[in-house]
Every structure is written in C-alpha cells, then in structure tokens.
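Asker: Going down the list, the sequences are from chains X and W.
Residue 0 is where the first sequence starts when you use numbering that gives the first Met the number 0, and the numbers rise one by one after that.
Residue 0 is where the second sequence starts when you use numbering that gives the first Met the number 0, and the numbers rise one by one after that.
Quick reminder that beta carbons are idealized off the backbone N, C-alpha and C, glycines included.
Just so we're clear, the structure is a prediction, and the values are computed from it rather than from any experiment.
Attaching a single structure in structure tokens format; questions to follow.
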Amino acid sequence: MALIATQSLTKTYPGGVTALSDLTLSVEPGIIGLVGANGAGKSTMIKTLLGLLSPTSGRAEVLGLDPTTAGEQVRARVGYMPEHDCLPPDMIAAEFVTHMGRMTGLPRTVARERASEALRHVGLYEERYRQIGGYSTGMKQRVKLAQALVHDPDLLLLDEPTNGLDPAGRDAMLTLIHRIGTEFGISVVVCSHLLGEIERICDSLIAIEGGCLLRADRIDAMTTGTEVLAIEVAEGTAELSAALAQRGLAATAEGRMLLVPLTEEATYDLVLRTVAELDLPLHRLDQRRHRVAELFSTATPTPSLEVSHV
Amino acid sequence: MSEQSVIHDIGYQRYTGPRLGRGYAARSLFEHGLRVAFGLGRSAKAKIFPWIVIGLVMALAVVVVAVKAQSGEMILTYQELPGAASVVVMVFLAVVAPELVSRDLRNQTLPLYFSRPIRRSDYALAKLAAMATAVWLLMAAPQAVMFLGSAFTADGASGVGAEARGMLGGWVVATCYTLVFSSLALLIASIASRRAFAAGAIVVVFMVTTPVVALMDELGKGGTASQIAALFSPLTLPEGVREWLYGTSSTDVGPFGPVYGLVMLLLVAGCASLLVLRYRKVSL
C-alpha cells in the first residue's frame, strides 16, 4: 500500500496564489524527503496531508485514508512537527509532552510514560523537568520532535526539522530522524530546502518547485546508471580536459577535479592512457555517484534548489 | 550540543494499547485549562493573581460568617455575594482568560492541537468550559463557606434547610454571573494574542459600559429607560436576571424581567458561537 498518494492535487489560496498545482505522486513507506525552495509548496503539502487545509481540486490519500473526509483518523495516526516555534516557554517539557500525548488519546499514566520515553529517544532525558523557555534552539527542536512522537504514530511529518540548528545539531537531528525511520519502524516525511542535507538519510525523494512536481522516486532509482569518474591531477587540468575531449570524453570541471561520465569499463583505461601520454602527476582517480542535486540542476535550466555541502 | 544530550540507545517500543477518542482529548484539554486557571503545576508567579482574588472573595465570605456568629445578622446574603465580588471577579477574568487562550495564540501552539484528533470547536468549547468552571468555583466556594459557617449557628434542621436553600439560590445567581462573564471575557481574549492587550480589553469592555447604565438610569428617572438600563452592562445584567428570578435585587427591572433572561441567553449563545467561529477561521 502506498504511504502517501495524491491525484492532481491542487491548492489555490483565496488570494489567487497557487501553492500546489496538479500534483500526482505515490510514495512507499520509509524516509521520504520533500525538497523544494522556500515557497515551493512544502508546508501547504504537509497541511493538506494532515487535513488542516482542504485541496481546491484533486485528492490525497495518507495511510489509505482521505484526510479531507477522515481527518480525525488520519491525525490520530500521524505526528506533526511544525516549522515555526510552537512551544509554551513556561511549561516543563515532560508535562507539555504528556499533555500532548493525552490530546492524542493516550490514557493519563500511559501518556506520562510515553512522554518520558519520547524525550529520552530525542536525547532530553536528563533535562526533561526543566522549563522549555530555558532550552537552547536545539533542545526546543527535540521537544517539538518528542511531542510528534509521543503517541507512536505510523507517520511523522517533519517541517524543516533542522531549522536554526548548528552543523553538529543538524547532524544529530538527521541521525535521529534516520533512526526513527529505520529502527523505530515509523515512516517519516522530512521537509527541507537543503537537498544535500537530507538526501543521505532518505529512501525516496519528492522534489517540488513552484507547486509543481519535479520528480518523485526512490533515491537509488534516481542515481543508478549515473556513475562518474573523478580525476584530479596536480597540474595541467586544462590540457587533460582538452585531450579527453579529443578522445570523445566530455569532461566537466568541478573545483580542481574533472568529472567524466563512466559509461563502460574501458573508460578507466582511456583516462589512464591520456594522463600517461600527457605525463601529468595523477593525484586521484575514483568512481563516485552523481549527487541527486546534479540530477535536478541538469533537469531544470535554472537550478533553484539550494544545495548545502555540509 | 551538551554532553548530556547524546542519544541513548535503548530500544523503541511501539504502542499497542487503547487510544481514546475526541471526547477524552477534549476532557483532557478542559482539565489542563482548569489547572492553568488556578496556576497549578506552574511557577509561583502564575499563581499570585488568581490566588489573591480567591483570597479576597473568601475573606468576604469569612467576614460575613464572623459577623453572623457575633450578631446573628447576615450582612451579605448568598445571592448578594456574586454582585459584591463582581469587580474582583472581573480582575480574575482579566488574568485567567488571556492565560487560557491568548497564550496558545502567542506561542503558536494551536497547530499542535489542530494536528490532533480534536476539532476546532472542541478546543473552543473545552476552553470555555474550563473558564466557566473556574469562575463559578470562585463564587460558589465562598458561598459554600458561608453555608458551612451559618449551618453551625443555625437553630435545628429547619434552620440548616433554610441556609441550604439560600446557598442553592446563591449558586443560581453565581451561574448567571459565570455564564455572562466567562463567555464574554474568553471571546475578547481569543482575539488578542498579547496577554496584556487581552487583559486591558476585558477590563475596558466591562467598565466602559458602567457609565452608560448610570446615565440611562439617571435620564429615565425610574421609567422604562431606567428599568432596561441594567441590560447594557455585563456587570449589571446578571443582577437584572436575579431580580426577575427571585425579586431580591435592588435593580428595578419593572415588567422587563423576561427580557433580561432572554438577553442573557442571547449574549452567552452569541459569544460562544463567535468563539467557535473565531477558531474555525484561525489560520495555521
């Protein structure tokens, strides 16, 4: 069964802004990255999946239910972490998460236990009896994640979970999301405008731009058959590039390296022979995968996806 | 990231137990609201104002009991207590209503509530119920104290019975005050996301209408205008209803008693509907 499926999903706001336009996709359970620039329609998509917004036309299906008609059933099985600040500063974290657990239907004692558990899983066990107002941004993000996780949902919708975090905090948050998706067995949709950041933890990617679907597929399907060979020489990069072009290899420069599409085994020999003939000192020759971002930047003439190289 | 915030690797357990529905969630929100109203489970700072007000109204009841024990005279009847305490109760409204609703607006907590099974109307009505219960307790508990104090000095079972009937009458009047006060105050607070603005707006709405009533009363010279004057302030409207129900108030309502009852019902129903509508319209 598809985790999320949409058919011609369109959302036009009263002001005439089209946030989602004719979106048709279907994704399998796992960790799904939802990427797009700011204003691409990611948050609108999440809110539509939660049933908080009803689509102008088309339909969506989450866990086999239609959020417009069965919003309550969908919301009982989904955890949502908003992008913005949403925590009361004068409440104690453990109490707040317990309260949110009860709001999702957990009996009182269960809510208390699972709130402690959820806070422990996000790494806030020691600090859970402190007021949220005294927490750092990283800790607040963890409380936001804990309140989405407290009722053991089947699907987590995380809107920009790494917002405002330093590089170490981002890594910790992404590792945590990866664990939730793999070890906890909970499917996760993680929104981000930083493709480079989430591509390493995702099974599938949905890329949207201006409300339109760029691509929705499994990551491995996106990267198969696009191996490249990275060559680095100490000097004479330009000469090498020209020589390779003569032999029918279109090399593209990336920093001090040259990238050559690896189409067949013979490419290795060809590159090595060219380097030897020019008598250049070879530093590096390795095979690597295309980054997903490169796929999009070739697919769209003006790459608008902000790529981080964290 | 501090050293403590490393992730401990102790397995995750799925939850297979019961998941209670919307009704339970709404009840939880009501309980939470009632605790917030009295500052329970919160810092000492959050407790100061509600408990000063409770202390004042209680002190009023204790003085009444003490005077009655000494002289046998009831300086304030059960039904007069809500009216006598109304200004202090208004302060309670100005403190508690913003705590209940403005805080959620200010902290943007609403998306967390609305991404859960409860409906928006459940949220609005649970908050209203919490507010009303808190306000009612604020007036009804001192009336119960008056009853307990008086019952000891009353002569015989018939005396206690009369006191009990008096207290029940007092509770009915307290209910009228509660309905008018809490629905109006919560509606005002739900529009302002800053607590100070919300508190100010509540006081203004309650106070600004008082001169209107006084002016109409003065101009009417005991005629029709005087008799309907009390309709125009939330502070005096419940007194009019009390006069219609029991005829024990000093407010002259003439033949307009049922009008007072109707206006009260319309006001409460109107405020509650607008509150529900306000949360239906809130953008997330």
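Can you list the residues of chain W that Tyr-128 (chain X) reaches, using a CB-CB cut of under 7 Å?
Answerer: Within the first sequence, numbered from 1, the residue matching residue 128 (chain X) stands at position 129. Within chain W, no residue comes near Tyr-128 (chain X); the closest Cβ sits about 12 Å away, beyond 7 Å.
Asker: Whole-angstrom Cβ separation of Val-240 (chain W) and Leu-109 (chain W), contact assumed at under 8 Å?
Answerer: Along the second sequence, read from residue 1 onward, the residue named residue 240 (chain W) stands at position 241. Along the second sequence, read from residue 1 onward, the residue named residue 109 (chain W) stands at position 110. Rounded, the Cβ-Cβ distance is 34 Å, inconsistent with contact.
Asker: Nearest by alpha-carbon distance to Ile-285 (chain X): which of X:Ile-31, X:Leu-194, X:Pro-260 is it?
Answerer: Sequence index remark: in the first sequence, residue 285 (chain X) carries index 286 (1-based). Sequence check: residue 285 (chain X) is Asp here, not Ile. That would be X:Pro-260, whose Cα lies nearest to the Cα of Asp-285 (chain X).
Asker: Skipping 5 residues on each side, what residues in its chain have a beta carbon closer than 8 Å to that of Arg-246 (chain X)?
Answerer: Position 247 of the first sequence holds residue 246 (chain X). The answer, listed in chain order, is Leu-269, Thr-273.
Asker: Under 7 Å between beta-carbons, which chain X residues line up against Tyr-11 (chain W)? List them in chain order, please.
Answerer: Translated into positions along the second sequence, residue 11 (chain W) becomes position 12. Here the neighbours are His-120, Glu-182, Phe-183.
Asker: How far does the alpha helix (DSSP H) with Pro-260 (chain X) in it reach, from first residue to last?
Answerer: Position 261 of the first sequence, counted from the start, is the residue given in the question as residue 260 (chain X). Unbroken run through Pro-260 (chain X) is the beta strand (DSSP E), 256-260; no alpha helix (DSSP H).
Asker: Here's the rule I'm using: 16 or more other beta-carbon atoms within 10 Å means buried, otherwise exposed. How should Ser-7 (chain X) be labelled?
Answerer: Along the first sequence, one-based indexing puts residue 7 (chain X) at 8. Under this definition Ser-7 (chain X) is an exposed residue.
Asker: Taking the alpha carbon of Leu-274 (chain W) as the point to measure from, which residue in W:Thr-174, W:Ala-125, W:Met-215 has its own alpha carbon closest?
Answerer: For the purposes of this step, residue 274 (chain W) is taken as the residue at position 275 of the second sequence. Nearest option by C-alpha distance: W:Ala-125.
Asker: Alpha carbon to alpha carbon, what distance is there between Leu-127 (chain W) and Val-95 (chain W)?
Answerer: Walking along the second sequence from the start, residue 95 (chain W) turns up at place 96. Walking along the second sequence from the start, residue 127 (chain W) turns up at place 128. Computed Cα separation, rounded: 11 Å.
Asker: Please confirm if Arg-115 (chain W) has its CB atom under 7 Å from at least one CB of chain X.
Answerer: Locating residue 115 (chain W) in the second sequence gives position 116, where the first residue counts as 1. So yes, Arg-115 (chain W) belongs to the interface.
Asker: Between the beta-carbon of Val-86 (chain W) and the beta-carbon of Ile-74 (chain W), is there less than 7 Å?
Answerer: Locating residue 86 (chain W) in the second sequence gives position 87, counting from the first residue. Locating residue 74 (chain W) in the second sequence gives position 75, counting from the first residue. Their beta carbons are not under 7 Å apart, which means Val-86 (chain W) does not touch Ile-74 (chain W) by this criterion.
Asker: Using the beta-carbon of each residue, which ones in chain X are nearer than 7 Å to Tyr-23 (chain W)?
Answerer: The residue labelled residue 23 (chain W) in the question sits at position 24 within the second sequence. Those are Gly-104, listed as they occur along chain X.
Asker: Check this for me: beta carbons of Met-145 (chain W) and Val-64 (chain W), under 7 Å apart or not?
Answerer: Locating residue 145 (chain W) in the second sequence gives position 146, where the first residue counts as 1. Locating residue 64 (chain W) in the second sequence gives position 65, where the first residue counts as 1. Taking 7 Å as the Cβ cut-off, Met-145 (chain W) and Val-64 (chain W) qualify as a contacting pair.
Asker: Would a check of beta-carbon distances place Pro-237 (chain W) closer than 7 Å to chain X?
Answerer: By 1-based counting over the second sequence, the position of residue 237 (chain W) is 238. So, not an interface residue.
Asker: Please report the straight-line C-alpha distance between Val-204 (chain W) and Thr-177 (chain W), rounded to a whole angstrom.
Answerer: Walking along the second sequence from the start, residue 204 (chain W) turns up at place 205. Walking along the second sequence from the start, residue 177 (chain W) turns up at place 178. So the two alpha carbons sit approximately 16 Å from each other.
Asker: Do Leu-281 (chain X) and Val-232 (chain X) count as a contact pair if the criterion is CB distance below 7 Å?
Answerer: Taking the first sequence and counting its residues from 1, the one referred to as residue 232 (chain X) is at position 233. Taking the first sequence and counting its residues from 1, the one referred to as residue 281 (chain X) is at position 282. Yes, the Cβ-Cβ distance between Val-232 (chain X) and Leu-281 (chain X) is below 7 Å.
Asker: Go to Val-61 (chain W), then tell me how far its alpha helix (DSSP H) extends in each direction, as first and last residue.
Answerer: For this step, residue 61 (chain W) is matched to residue 62 along the second sequence. Taken as a continuous stretch (DSSP letters only), the alpha helix (DSSP H) holding Val-61 (chain W) covers 43-70.
Asker: Considering only the beta carbon of each residue, do Pro-116 (chain W) and Glu-60 (chain X) sit closer than 7 Å?
Answerer: On the second sequence, residue 116 (chain W) is found 117 positions in, with the first residue counted as 1. On the first sequence, residue 60 (chain X) is found 61 positions in, with the first residue counted as 1. Contact flag unset, no.
Asker: Counting Cβ pairs closer than 8 Å, one from the region 260-271 of chain W and one from the region 181-196 of chain W, do we hit at least three?
Answerer: These segments touch.
Asker: What residue range does the alpha helix (DSSP H) around Gln-397 (chain X) cover?
Answerer: What the structure shows of chain X is the stretch from 0 to 309, and residue 397 (chain X) is not part of that stretch, so it cannot be assessed.
Asker: Can you check whether the C-beta of His-177 (chain X) is within less than 7 Å of a C-beta belonging to chain W?
Answerer: Working through the first sequence from its first residue, we reach residue 177 (chain X) at position 178. Not an interface residue.
Asker: Report the three-state DSSP secondary structure of Gln-286 (chain X) (helix, strand or coil).
Answerer: Residue numbering aside, residue 286 (chain X) sits at position 287 when the first sequence is read from its first letter. Looking at Gln-286 (chain X) - three-state DSSP - the assignment turns out to be strand.
Asker: Can you tell me where the beta strand (DSSP E) holding Ser-25 (chain X) begins and where it ends?
Answerer: Locating residue 25 (chain X) in the first sequence gives position 26, where the first residue counts as 1. Counting along the chain, the beta strand (DSSP E) containing Ser-25 (chain X) begins and ends at 17-26.
Asker: Looking at chain W, is there any beta carbon in it that lies within less than 7 Å of the beta carbon of His-192 (chain X)?
Answerer: Sequence index remark: in the first sequence, residue 192 (chain X) carries index 193 (1-based). His-192 (chain X) does not count as touching chain W.
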